[in-house]
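Chemist:
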Amino acid sequence: MSIAKRVQQWATFARTWHIYDCTWQNPFESAKLVKSHLMGLQKPIYHPMNDCGDHVVLINTREIALPGDEWVKRVYFHHTGYPGGASWTLAWQLHEKDPTMVMKKAVYNSMRGNLQRRHTMQRLHLFADDQVPEEILQNVTNQIRTPRSIPQRLDHIDKETLENFPNIMDYPKDYILR
Amino acid sequence: MSNSHLFLKSGFPRAPLQNGLGRYVCQLQRITLKFCKNNGSSRGMRDFIENHLLDFAKENPGIVVYVKPRRHRTPVLVGEYLNGEREWMSCRNSTQEEISKWIDLLKTQNGSSSSLRLRKMWHTEVPSIQGPWTPFLLRSPDAQGQAYPSVEASKPLETPQTATEKLIELFRQQQLEASEEAHDVLNKKRAE
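In order, the protein sequences belong to chains A and B.
Count along the first sequence from 1, then add 721; that gives the number in this note's numbering.
Count along the second sequence from 1, then add 6; that gives the number in this note's numbering.
Spelled out as structure tokens, the structure:
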């Protein structure tokens, strides 16, 4: 193999690092997106026997938004293997214990259970907040666009904008605002 | 591919050491013809040995030919190749024409072709005229030197207009119209 061809090979199979902001995102919707980047499904060279998956850095996993009443209805099962070792943890309890776990399990469960799955998961880097180590951040060359836009919170809007915001109607003087 | 082919070797068709470019080395090294002197199933093999085998051996001095008579057994062709492979082939009830065709096949191939699953049914020396794909192909120039994580790069590309945005737009339009009307009134008064 000539030098030019060797470099071509490196370029084609180069691992890209992606970053994904989980703020206000549905973990199960995001997991499909993250999975396709982890496995390299978005590449034209993809083949199941071809090791072309990318690294994905997930930040702000503490800020994920589960749909509906999933925080109280979703249950994570674990069994220690001993008799009576079964345990059921609600999603909000798991999230309190480890804020990266719900997102990690969502990505893990979105992939098919085969021998490759655990190796693919090694390429996933989860962070509860936006504090990412410098040596990881310097590899990142792409950001994955989120499927949902982040709504702006009322207490985060500055006071001037809020006062100048057009009102549909004025409250009557004797109206009690709670 | 079925379960019976799980251990079948797979690969691409290739000539060892560019065989046939400039010089040709016959890859078949040894051939053994096993047959029975009495049995009817060996009749074609016996005919072949009687009529064609000496010519074959003279034409191909690079191939060692063994002839092995054995009682009441099926006639068999065994070829051994330069790459160490050994191919066994039953010639039960074959005619001498069939046998000479099979031997010709063994002579011209460079290994047992039936024990290799072809990974692809096509071959090209020029896989792509545009050049192979790389992850850096067709990347937006904005991505150059951008700091991550960034808020702009995280936003979804197409978002439908929200009710709030629609209201603000209506409000702006209303204000514009009002100011234009005031402007018109002023102009009229000036004209008077």
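Beta carbons are placed, not taken as given, at the ideal position from N, Cα and C, and that holds for glycine.
Taking residue 110(B) as part of the alpha helix (DSSP H), name the residues at either end of that continuous run.
Modeler: Residues 102–114.
Chemist: What does residue 149(B) reach in chain A if we use C-beta pairs closer than 8 Å?
Modeler: Those are 862, 863, listed as they occur along chain A.
Chemist: Are residue 868(A) and residue 162(B) touching if we call contact CB-CB under 8 Å?
Modeler: yes
Chemist: Looking at chain B, is there any beta carbon in it that lies within less than 8 Å of the beta carbon of residue 870(A)?
Modeler: So yes, residue 870(A) belongs to the interface.
Chemist: Unbroken beta strand (DSSP E) runs of length 3 or more, entirely within the stretch 786–818 of chain A: which are they?
Modeler: Within the stretch 786–818 of chain A, the complete beta strand (DSSP E) segments at least 3 residues long are 796–800, 807–811, listed from N- to C-terminus.
Chemist: Can you find a C-beta in chain A that's less than 8 Å from the C-beta of residue 124(B)?
Modeler: no
Chemist: Output the distance between the C-alpha atoms of residue 37(B) and residue 88(B), rounded to the nearest integer angstrom.
Modeler: 12 Å
Chemist: Enumerated in chain order, which unbroken segments of the alpha helix (DSSP H) with a length of 4 residues or greater are wholly contained in the stretch 40–83 of chain B?
Modeler: Taken in chain order, the whole alpha helix (DSSP H) runs of length 4 or more contained in the stretch 40–83 of chain B are 49–57, 59–65.
Chemist: Quick check on residue 108(B) - is its C-beta less than 8 Å from some C-beta in chain A?
Modeler: no
Chemist: Does the CB of residue 821(A) have a neighbour CB from chain B at under 8 Å?
Modeler: no
Chemist: Using DSSP's beta-bridge definition, name the partner residues of residue 742(A).
Modeler: 780(A)
Chemist: Is it buried or exposed, residue 752(A), if we count other Cβ atoms within 10 angstroms and call 16 or more buried?
Modeler: buried
Chemist: Would you mind stating whether residue 19(B) and residue 112(B) have Cβ atoms separated by less than 8 Å?
Modeler: no
Chemist: The beta strand (DSSP E) that contains residue 93(B), what's its start and end?
Modeler: 92–96
Chemist: Can you list, in chain order, the residues of its chain whose CB lies under 8 Å from that of residue 17(B), leaving out five sequence neighbours each side?
Modeler: 122, 123, 124, 125
Chemist: Could you check if residue 782(A) is buried or exposed, using at least 16 other CB atoms within 10 Å of its CB as the buried criterion?
Modeler: buried
Chemist: Residue 903(A): buried (16+ other C-beta within 10 angstroms of its C-beta) or exposed?
Modeler: Not covered by the structure: residue 903(A). The range shown for chain A is 722 to 899.
Chemist: List, in order along the chain, the chain B residues whose C-beta lies closer than 7 Å to that of residue 882(A)?
Modeler: The contacting residues do not exist; residue 882(A) stays about 11 Å from chain B at best.
Chemist: Please confirm whether residue 165(B) has its beta-carbon closer than 8 Å to some beta-carbon of chain A.
Modeler: yes
Chemist: Checking 8 Å against the spacing of the C-beta atoms, do residue 741(A) and residue 779(A) come in under that value?
Modeler: yes
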